[in-house]
Amino acid sequence: MPPMLPPQPRSAATLALVAPAAAGRFALQCCKACGNFIYPVRNICPTCLSQDIAVTDAPAGGLLLSETTIRITGDPFFRERPPVRQGLVRADCGVTIIAILHRDCPPEGRVRLSLRLDRGGKPLLLAFPLHPESSEVADDPSLRDLTMDPAAAAAHLADPDRP
Numbered sequence: 001m002p003p004m005l006p007p008q009p010r011s012a013a014t015l016a017l018v019a020p021a022a023a024g025r026f027a028l029q030c031c032k033a034c035g036n037f038i039y040p041v042r043n044i045c046p047t048c049l050s051q052d053i054a055v056t057d058a059p060a061g062g063l064l065l066s067e068t069t070i071r072i073t074g075d076p077f078f079r080e081r082p083p084v085r086q087g088l089v090r091a092d093c094g095v096t097i098i099a100i101l102h103r104d105c106p107p108e109g110r111v112r113l114s115l116r117l118d119r120g121g122k123p124l125l126l127a128f129p130l131h132p133e134s135s136e137v138a139d140d141p142s143l144r145d146l147t148m149d150p151a152a153a154a155a156h157l158a159d160p161d162r163p
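Residues 1 to 163 in full-length UniProt numbering are what the sequence shown lists, from first letter to last.
Printed below as a string of C-alpha cells:
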C-alpha cells in the first residue's frame, strides 16, 4: 500500500511557494505595485487589485496570537498522526497566518516563521520558537512526521512525480 500523503489540491499560485519551502525560507507573495505582502495566496492583490505579484522573502518574525491542538480530524492523513498544534500568527510583514507550531513555541509569544515541504511536496507554514536550543523540525516528532527532509525535497524538485 502506498504511503498516505497530506491533502493535495493546491492552486497554481500556492505552488510558487514550493522552491522557498524546499530551501526552508519564509517567502510570501508580495505585490509589486503597492508593496504589501499577501496571504493566503491570491492571483490579484487584495489591496490595490494589481496582478503584478511575485514571491519574495519576507520578515520571518511574528507574534503567536492564539493556538489550538487538533486531536481528532476527518482527514485520513492527519488521523494517523499525533496531535498537531496550530496557531494564528500575526507576521511582522503584516499578514495573519495559520501555522503549524513547534512543540516549544510559547503561548502568545514571539515566533520565527518558515516554509517547509509537507510529505506530498507542497508548502507548509511552520512556526518555531526564537531560542535556538529547539528550533528545528527534527526536535519535534509531530513536525518531523509532517514534513519532507531537505534531501528528499531536492529530489522532489528534480522529479515532482517521485513519491
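Beta carbons: idealized from backbone N, C-alpha and C, even for Gly.
Please list the terminal residues of the continuous alpha helix (DSSP H) segment that includes PRO18.
Numbered from its first residue, the sequence shown carries residue 18 at position 18. The amino acid occupying residue 18 in the given sequence is Val; Pro does not appear at that position. Residues 18 to 22.
Per the DSSP calculation, ALA99 is bridged to which residue(s)?
To locate residue 99, count along the sequence shown from 1; it is residue 99. Paired residues: GLY87.
Please check the pair ILE97 and TYR39, which I expect to be a contact at CB under 8 Å, by giving their CB distance rounded to whole angstroms.
Locating residue 97 in the sequence shown gives position 97, where the first residue counts as 1. Locating residue 39 in the sequence shown gives position 39, where the first residue counts as 1. Yes, they are in contact, since the Cβ atoms of ILE97 and TYR39 sit about 6 Å apart, within 8 Å.
Buried or exposed for LYS122, please, with buried defined as at least 16 other CB atoms from any protein chain shown within 10 angstroms of its CB.
As a working note, residue 122 is residue 122 in the sequence shown. By the neighbour-count rule (16 or more Cβ atoms within 10 Å), LYS122 is buried.
Let me confirm a value: residue 165 is counted as buried when at least 16 other C-beta atoms fall within 10 Å, else exposed. Which label applies?
Outside the shown range of the chain (1 to 163) lies residue 165, about which nothing can therefore be said.
So ALA13 is in the alpha helix (DSSP H); what residue range does that whole segment cover?
Taking the sequence shown and counting its residues from 1, the one referred to as residue 13 is at position 13. Looking at the DSSP string, the run of the alpha helix (DSSP H) that includes ALA13 is 12 to 15.
Return the chain-ordered list of same chain residues with a C-beta closer than 6 Å to the C-beta of PRO59, the five sequence neighbours on each side being excluded.
On the sequence shown, position 59 is the one that residue 59 refers to. Around PRO59: ASP92, CYS93.
CA-CA distance, LEU117 and ASP145?
One-based indexing of the sequence shown puts residue 117 at position 117. One-based indexing of the sequence shown puts residue 145 at position 145. In a straight line, the C-alpha of LEU117 is about 11 Å away from that of ASP145.
Classify HIS156 as helix, strand or coil using the three-state DSSP reduction.
Here residue 156 refers to the residue found at position 156 when the sequence shown is read from its first residue. In this prediction, HIS156 scores a pLDDT of 49, lower than 50, which makes its location untrustworthy; the coordinate-derived value is nonetheless stated afterwards. Correct three-state label for HIS156: helix.
Can you list, in chain order, the residues of its chain with a C-beta nearer than 8 Å to that of ARG42? Leave out the 5 residues immediately preceding and following it.
In the sequence shown, counting from the first residue as 1, residue 42 sits at position 42. These residues qualify, in order along the chain: ALA13, GLN29, ILE53.
Between which two residues does the alpha helix (DSSP H) harbouring ASP145 extend?
Looking up residue 145 in the sequence shown gives position 145. ASP145 -> alpha helix (DSSP H) spans 141 to 146.
Got a sec? Which residues, its chain only, sit under 8 Å from THR147 by beta carbon, not counting five neighbours each side?
Here residue 147 refers to the residue found at position 147 of the sequence shown. These residues qualify, in order along the chain: ARG116, LEU117, ASP118, ARG119, LEU124, LEU126, VAL137.
Spatial neighbours of ARG71 within its chain, please: CB distance less than 6 Å, with the 5 preceding and 5 following residues excluded, ordered by chain position.
As a first step, residue 71 is located in the sequence shown; it is residue number 71 there, counting from the start. Once the five neighbours on either side are set aside, the close Cβ partners of ARG71 are PRO83.
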